[in-house]
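Reviewing the structure listed below.
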Amino acid sequence: MSTPSPRQPLRRRSLFKVAGLGAAGAAGLPVISACSDIESNSGSTQATEGFDFLPTYKEFPLPVEPNLVGEPPNHPSGFTSYPEPVQAVAEVPSGSGTYELTVPIWGDTPDGDDPYYGTVTETWGGTTINLRHADGNTFADTSVQWLKANEYGDAIAIFGWMLGSHSNFTETVVNNFYNLTEILKGDIAERWPLLARLPSSSWGQSVWSTDIEDPDTAGIYGIPMGFTGGPGNAVMYRTDLLAGANLTVPTTIEELLEVCRAWSDDANGKWAFAQLDWFVGQWFGLGGTDGWNWDADQKKMVNNVERPEFTEMLEFRRTLWDEKLIHPDAPTGTLDAAAMQKAGTVLFTQDNMARWNDYALQVKRGEAEGEINPLPPLGAKGREPLVYMNISIDGWTFLNKDLSKEQVEEILDVANWCASPYGTTEYELLQYGVEGEHFTLGEDGSPVYTELGSKLVQAPMNYKNVVGQVQTFLTGDPDVVQKRFDFHASVQEFGAENPFAGMRIEAPADAKAAGQTLWDQQNDIAYGRAELSSIPDILETYMNNGGEAAREYYTEAYKSVHGE
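Just so you know, we're using our numbering here: the sequence shown kicks off at -1 and counts up by one.
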């Protein structure tokens, strides 16, 4: 499940207060020097703010002001028209090095000889970065072995949601990746003005320590990807299919269930959902970090599995299964829900919000019908809805620790170019490709991908994700931008509080394993392989095999922040 983020800006607190957790709550890492290898499976708790060695933040004037002005990051600003792009990096450093960057890909691997790569390479100064694409579906797991064997090239891009595959990612970071601190600390605006404009929070989330109890061992180990906020995911529905069945948009879980029953027809190949698992928790108020929440009444850390709402959530999922309101192959996890919604065989999909704009583009190209919109925040049994906010970076580009300082600086030159914001010529080339080859300008002056551009530039992960832009905007189809801007505004009051704001918590290995078992057992119940009556048993299994230790761990982490 997604981790909820705070509704309010992060409060600054001392690094020592967060890092000095004491014996029970500390990472359990040995006290060693910053250059040594470490190994531990007892987890880590890392501050992500309060550092004095981050790049000094310096404003970089945006080339054009957005049409819709929000309050980033949870309510991002947006562009409803495409501006005339201007150049961001006036003097590009020349580079002659050649590097290999390992990145995940979903779908077909693009042609590496396409002019897109050569043009981008020439424009950012000549540094060659060859992409090594690997299957995104298995990337998280296989990256563990690549890193152990140092077989990932000169750099690797890893999304935040992939960290759970590593038994202790702190070990992975400090044992494998280049410590960028000495290169990036202080005023870097003269050489890397765009990197200096990245939010300090994004650099703070790129810090790890070799000894969590010693603030002096903390350092910057990753180049941060995009920094975003607000709801990153939603349940999307086909507006035309809903209206065509004379159904209205549900506003509660009870109404949603009735819509599912009215629309589904298993015998004729129609289901409300193709799958529904990781998103559903927020509908029942199940927030927290790794399922842990502070109960102010009991004054203790409580896991979602201990709460009555957990049972309600599983009852709802089991009802979808028993009444054939969800696709019979949902347990396989292999269904292409987006394609099924496009074909009209499913009504709802749990998805990333980015698909909203993608679907609108498909409709304009005549490749899809109708329209998709997100369901509003839903609550069960009259309770107020909960919306997961995600104030964080998407992931990192990590550099191999065997690189020289000069090589690292050359790669940072490239990253600075890639950080150019929307409305610049750099962004246009990076995101859309070469005009006439990968995109054309539509009647409204906005870039429209060609078939080649859609497959080679838009769809796969490439240089677009090396680093985040200086600010993230809502862009694309003007109607969708306006609707998404309004949607963000409408959900602000329901944002979930994050009791661990300003920290990155990596659970001990046994807690991770227990959590995976708990997830598997939830799905067993949801898909009819086990009974609802077994919930007390899975609670006992979880607590006896890492849950109770995790409770103590998260309690100490919480008290280090809140002092309760």
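The beta-carbon is built from N, C-alpha and C at its ideal position, and this holds for glycine as well.
Nothing here was measured: the structure is a model prediction, and the numbers come from that model.
Inter-residue spacing [alpha-carbon to alpha-carbon] between residue i and residue j
{"i": "Tyr447", "j": "Val478", "result": "17 Å"}
{"i": "Leu345", "j": "Glu253", "result": "15 Å"}
{"i": "Trp201", "j": "Glu307", "result": "36 Å"}
{"i": "Pro326", "j": "Ile536", "result": "24 Å"}
{"i": "Leu428", "j": "Lys462", "result": "6 Å"}
{"i": "Arg130", "j": "Lys298", "result": "47 Å"}
{"i": "Lys362", "j": "Thr78", "result": "16 Å"}
{"i": "Asn166", "j": "Ala507", "result": "7 Å"}
{"i": "Gln519", "j": "Ala547", "result": "20 Å"}
{"i": "Asn231", "j": "Leu255", "result": "20 Å"}
{"i": "Asp400", "j": "Thr170", "result": "14 Å"}
{"i": "Gly431", "j": "Ala216", "result": "38 Å"}
{"i": "Asn460", "j": "Tyr176", "result": "21 Å"}
{"i": "Ala260", "j": "Pro74", "result": "36 Å"}
{"i": "Tyr551", "j": "Thr237", "result": "45 Å"}
{"i": "Ala272", "j": "Asp334", "result": "8 Å"}
{"i": "Phe314", "j": "Ala265", "result": "22 Å"}
{"i": "Ala336", "j": "Asn542", "result": "39 Å"}
{"i": "Leu145", "j": "Asn244", "result": "54 Å"}
{"i": "Arg189", "j": "Val142", "result": "34 Å"}
{"i": "Lys563", "j": "Ala241", "result": "One cannot answer for residue 563 here, as it falls past the ends of the chain, which runs -1 to 562."}
{"i": "Ser402", "j": "Ala378", "result": "56 Å"}
{"i": "Trp319", "j": "Trp517", "result": "17 Å"}
{"i": "Leu27", "j": "Thr343", "result": "Its pLDDT being 22, under 50, Leu27 is placed unreliably by the model, and nothing is read from it."}
{"i": "Gly116", "j": "Gly440", "result": "25 Å"}
{"i": "Ala153", "j": "Asn302", "result": "37 Å"}
{"i": "Glu211", "j": "Ile391", "result": "25 Å"}
Residue i and residue j closer than 7 Å at C-beta
{"i": "Val489", "j": "Pro229", "result": "yes"}
{"i": "Met234", "j": "Pro375", "result": "no"}
{"i": "Ile251", "j": "Trp276", "result": "no"}
{"i": "Ala505", "j": "Asp288", "result": "yes"}
{"i": "Gly76", "j": "Phe485", "result": "no"}
{"i": "Val62", "j": "Gly331", "result": "no"}
{"i": "Gly93", "j": "Gly123", "result": "yes"}
{"i": "Asp185", "j": "Thr54", "result": "yes"}
{"i": "Ala638", "j": "Lys340", "result": "No answer is possible for residue 638: the residues shown for the chain start at -1 and end at 562."}
{"i": "Ala278", "j": "Asn291", "result": "Note on residue identity: the sequence assigns Val, not Ala, to residue 278. Contact flag unset, no."}
{"i": "Val455", "j": "Tyr114", "result": "yes"}
{"i": "Thr102", "j": "Ala132", "result": "Reading the sequence as shown, one finds Pro at residue 102 and not Thr. Cβ atoms of Pro102 and Ala132: closer than 7 Å."}
{"i": "Pro383", "j": "Phe492", "result": "yes"}
{"i": "Leu192", "j": "Asn414", "result": "yes"}
{"i": "Leu274", "j": "Gln348", "result": "yes"}
{"i": "Pro83", "j": "Thr438", "result": "no"}
{"i": "Thr125", "j": "Val468", "result": "no"}
Own chain residues within Cβ distance below 7 Å of residue i, not counting five before or after
{"i": "Trp394", "result": "Ile156, Ser204, Gly220, Ile221, Pro222, Met223"}
{"i": "Asp35", "result": "Any reading at Asp35 must be qualified, since the residue scores a pLDDT of 36, below 50, and its modelled position is unreliable; the value itself is stated next. Cβ within range, chain order: Asn173."}
{"i": "Asp603", "result": "Residue 603 cannot be examined here, being either before or after the span of the chain that is shown, -1 to 562."}
{"i": "Phe49", "result": "Leu13, Gly202, Val205, Ala216"}
{"i": "Leu239", "result": "Gly342, Leu345, Gly368"}
{"i": "Phe58", "result": "Pro191, Leu192, Arg195, Val468"}
The ligand FMN heavy atom lying under 6 Å from the CB of residue i
{"i": "Thr125", "result": "As far as ligands go, the structure on display features none, and thus does not contain the ligand FMN."}
Own chain partners of residue i with C-beta closer than 6 Å, once the 5 adjacent residues on each side are dropped
{"i": "Cys258", "result": "Ala270, Leu323"}
{"i": "Ile127", "result": "Tyr97, Leu99"}
{"i": "Glu589", "result": "One cannot answer for residue 589 here, as it falls past the ends of the chain, which runs -1 to 562."}
{"i": "Asn72", "result": "Gly227, Gly228, Met387"}
{"i": "Met160", "result": "Ala138"}
{"i": "Gly561", "result": "none"}
{"i": "Leu52", "result": "Ser198, Trp201"}
{"i": "Ser31", "result": "Confidence is the limiting factor: at Ser31 the pLDDT is only 27, short of 50, which leaves the residue's position unreliable, though a coordinate-based value still follows. For Ser31, where only same-chain residues beyond five positions count, there are no Cβ hits under 6 Å."}
Beta-carbon contacts of residue i that lie in its chain and below 8 Å, excluding the five residues immediately before and after
{"i": "Thr309", "result": "Leu530, Ile533"}
{"i": "Glu435", "result": "Pro113, Tyr114, Thr448, Leu450, Gly451"}
{"i": "Asn135", "result": "Trp104"}
{"i": "Thr317", "result": "Leu255, Leu323"}
{"i": "Ala487", "result": "Gly68, His73"}
{"i": "Gln418", "result": "Reading off the sequence, residue 418 comes out as Ser, not Gln. Once the five neighbours on either side are set aside, the close Cβ partners of Ser418 are Ala86, Val87, Leu192, Glu424, Tyr425, Leu428, Gln467, Val468."}
{"i": "Leu312", "result": "Gln520, Ile523, Ala524, Leu530, Ile533"}
{"i": "Ala509", "result": "Gly41, Asp288, Gly544, Gly545, Ala547, Ala548, Tyr551"}
In chain order, each beta strand (DSSP E) run of at least 3 residues that lies wholly inside the segment 92 to 180 | 96 to 103, 126 to 133, 153 to 157
Which runs of the beta strand (DSSP E), 3 residues or longer, sit entirely within the segment 483 to 558?
-> 501 to 504
Completely contained alpha helix (DSSP H) runs for the segment 205 to 235, where each covers 4 or more residues | none
Is it a yes or a no for the segment 496 to 505 touching the segment 524 to 531, going by three-plus beta-carbon pairs under 8 Å?
-> no
Quick one: complete alpha helix (DSSP H) runs, 4+ long, within the segment 283 to 359?
-> 306 to 320, 335 to 341
Can you list, in chain order, the stretches of the alpha helix (DSSP H) that have 4 or more residues and sit fully within the segment 415 to 452?
-> 423 to 430
Evaluate the contact criterion for the segment 175 to 185 versus the segment 396 to 409: three or more CB pairs, one atom per stretch, below 8 Å.
-> yes
Residue ranges of each beta strand (DSSP E) run of no fewer than 3 residues wholly in the segment 373 to 418, ordered along the chain?
-> 393 to 397
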